[in-house]
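S.K.: My questions all concern the structure below.
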Amino acid sequence: MGKGLPKRSEDYSLWYNELVKRADLAENSAVRGCMVIKPYGYSIWEKMQAEIDRMFKETGHTNAYFPLFIPKSYLSKEADHVEGFAKECAVVTHYRLKNDEEGNGVVVDPAAKLEEELIVRPTSETVIWSTYKNWIQSYRDLPVLVNQWANVVRWEMRTRLFLRTAEFLWQEGHTAHATKQEAIDESVQMMQVYAEFAEKFMALPVVRGIKSESERFAGAVETYCIEALMQDGKALQAGTSHFLGQNFAKAFDVKFTSKEGKLEHVWGTSWGVSTRLMGALIMAHSDDQGLVLPPRLAPIQVVIVPIYRGEEQLEVIREKTAGMISELRAKGITVRFDDRDAFKPGFKFAEWELKGVPVRLAIGPKDLENNSVEIARRDTGEKEIFSLEGSISEKVQALLDDIQNSIYDKALMFREENTTSVDSYEEFKQVLDEKGGFVSAHWDGTAETEEKIKQETKATIRCMIFNGEDEEGVCMYSGKPSARRVLFARAY
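Residues in the sequence shown are numbered consecutively from 1079, following our numbering.
If you want it as structure tokens, here you go:
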């Protein structure tokens, strides 16, 4: 496997970048700022996608697909929205190429200029609300509960695989409702869906919260979020859900006739998570040996490594493990039998450790004699000899469940140990520099104070804790009255 990974404690950023590449998750593409998600990485994303999609459908949502291209005029209709995304937009100006007459290859045909430029979608509120105008006329047409799985483009100049790329994959839900309360309830529900997915499948504890006005989605009335803490003490926004009020309905004149016969604008929401979750998964759990994957999202949950000399011994091991593999797969456990003859067992152990496979079974001649198998768990490295007189599927399933819970508990303990409450600005800066993590502090509620703290410390308000208790105090920065504490952190 070559030399080991850089250590997290020495260079966390380099460790992350190297791990993404060496574990075969993704690589930089020929297009600046974009990435190629490799098969192993995409397999993890597919498992994420499948679980999230199932949860959406259980809450009444259905999938659709909307155009990649958005007329420029659409973005102009909602002022806050266009201001929020203007600097990140990729713009299509022409629709044809031609051969250069001087033999310099292919050039843009100046005669093929579009009458109106098209924006490569940075998000789809505008094109979807223009469509909803045709779909919604009456209260009988509501609610509209639609999601789409798609790619988007936000022109990033400083990129990092999974965390921030010019093009990325995501889902975006867009719903329309008859009342304000229905739309608020939908926004909160989807935040809770994201939180449940993060905690139950990613083994990632998250804080449910509400964004400050400055951190709110462009065009939203309120933004709900889930925030996670990475091992380097930085926060990562893992998902957002937005109550849009009637802003986009008014911008695109989407009205409905109510039960009372009145013509009213509908109420809207939008919500999304992206391949940024892959970055969160890697940074929250992995170690200096490689990935540590929660079993519920691992493409391969169990790898079996035969230890043998010659084809004859290998055939005996194959016969012995065939029943084990069938038993495991019958329980829905994904298994890989690694009989590649070009690599030694030690190499295979290191490779599957790097790729984060939760459970490794090793079986050799002595194990055959004793009717046993060596079981190793990825998260702790612990090994044990298991007698095949017992049920291998029951043993492995119990182990997978324990690994899933242990990974979550470890991440939760880390977050609790790295959440600090402070009362003074000096203490705030000291904690940020020496410890990191979430810092709970009073804030006076003004954008001016928020911006000054950000400029001076690079820390932002991650959220006001959802349903958190009010606690009157004074702002650590301005000394003005504060109604509650908020969570600050340096963040990705």
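Glycine included, every Cβ here is placed at the ideal spot set by N, Cα and C.
Predicted, not measured: the structure shown is a model, and the values here were computed from it.
With DSSP collapsed to three states, give me the class of proline 1443.
M.R.: helix
S.K.: Over what stretch of residues does the beta strand (DSSP E) that includes threonine 1301 continue unbroken?
M.R.: 1300–1307 is the extent of the beta strand (DSSP E) around threonine 1301.
S.K.: Taking just the CA atoms, how far does lysine 1536 sit from alanine 1261?
M.R.: 34 Å
S.K.: To the nearest angstrom, how far is the alpha carbon of alanine 1567 from that of valine 1284?
M.R.: 14 Å
S.K.: So what does DSSP say about glycine 1357, is it helix, strand or coil?
M.R.: helix
S.K.: Starting from proline 1571, trace the beta strand (DSSP E) both ways and give me its first and last residue.
M.R.: It is not possible to answer for residue 1571, since the shown part of the chain is limited to 1079 through 1570.
S.K.: Do isoleucine 1481 and proline 1559 have their C-beta atoms closer together than 8 Å?
M.R.: No, these two residues do not count as a Cβ contact at 8 Å.
S.K.: Under 8 Å, do cysteine 1112 and glutamate 1293 count as touching if we go by C-beta distance?
M.R.: No, the pair does not count as a contact, with Cβ atoms beyond the cut-off.
S.K.: Rounded to a whole number of angstroms, what is the C-alpha to C-alpha distance between tyrosine 1386 and proline 1443?
M.R.: Taking the straight line joining both Cα atoms gives about 7 Å.
S.K.: Could you tell me which of Gly1287, Ser1290, Ser1208 sits nearest to histidine 1252, measuring between CA atoms?
M.R.: Ser1208
S.K.: Since threonine 1399 is in the alpha helix (DSSP H), which residue starts that stretch and which ends it?
M.R.: First-last of the alpha helix (DSSP H) with threonine 1399: 1388–1408.
S.K.: How would you write the range of the alpha helix (DSSP H) that asparagine 1325 sits in, first residue to last?
M.R.: 1325–1329
S.K.: Counting C-beta neighbours from all protein chains within 10 Å, is the total for tryptophan 1430 16 or more, i.e. buried, or is it exposed?
M.R.: buried
S.K.: Whose C-beta lies closer than 6 Å to the C-beta of aspartate 1522 among residues of the same chain, with five residues either side of it excluded?
M.R.: Cys1553, Ser1556, Lys1558, Ser1560.
S.K.: Taking C-beta to C-beta, are methionine 1269 and cysteine 1303 nearer than 8 Å?
M.R.: Closer than 8 Å, so yes.
S.K.: Among the residues of its own chain, which have a CB less than 8 Å from the CB of isoleucine 1411, if the five just before and after it don't count?
M.R.: Around isoleucine 1411: Gln1379, Val1380, Ser1471, Val1474, Gln1475, Leu1478.
S.K.: With a Cβ-Cβ cutoff of 8 Å, do isoleucine 1122 and leucine 1196 count as a contact?
M.R.: No, the pair does not count as a contact, with Cβ atoms beyond the cut-off.
S.K.: Which whole runs of the alpha helix (DSSP H) in the stretch 1217–1300 are 4 residues long or more, in chain order?
M.R.: 1258–1278
S.K.: In or out: lysine 1426 buried (at least 16 other Cβ within 10 Å) or exposed?
M.R.: Per the 10 Å Cβ criterion, buried.
S.K.: Tell me the residue span of the beta strand (DSSP E) that contains glutamate 1195.
M.R.: 1191–1198
S.K.: With a Cβ-Cβ cutoff of 8 Å, do isoleucine 1130 and alanine 1281 count as a contact?
M.R.: no
S.K.: Measure the alpha-carbon distance for proline 1221 versus leucine 1490 and round it to whole angstroms.
M.R.: 37 Å
S.K.: Helix, strand or coil for proline 1559? Go by DSSP, reduced to three states.
M.R.: strand
S.K.: For phenylalanine 1144, name the three-state secondary structure that DSSP assigns.
M.R.: coil
S.K.: Ignore the nearest five residues each way along the sequence and tell me which others in leucine 1510's own chain have a CB closer than 7 Å to its CB.
M.R.: Val1517, Thr1535, Ala1537, Arg1568
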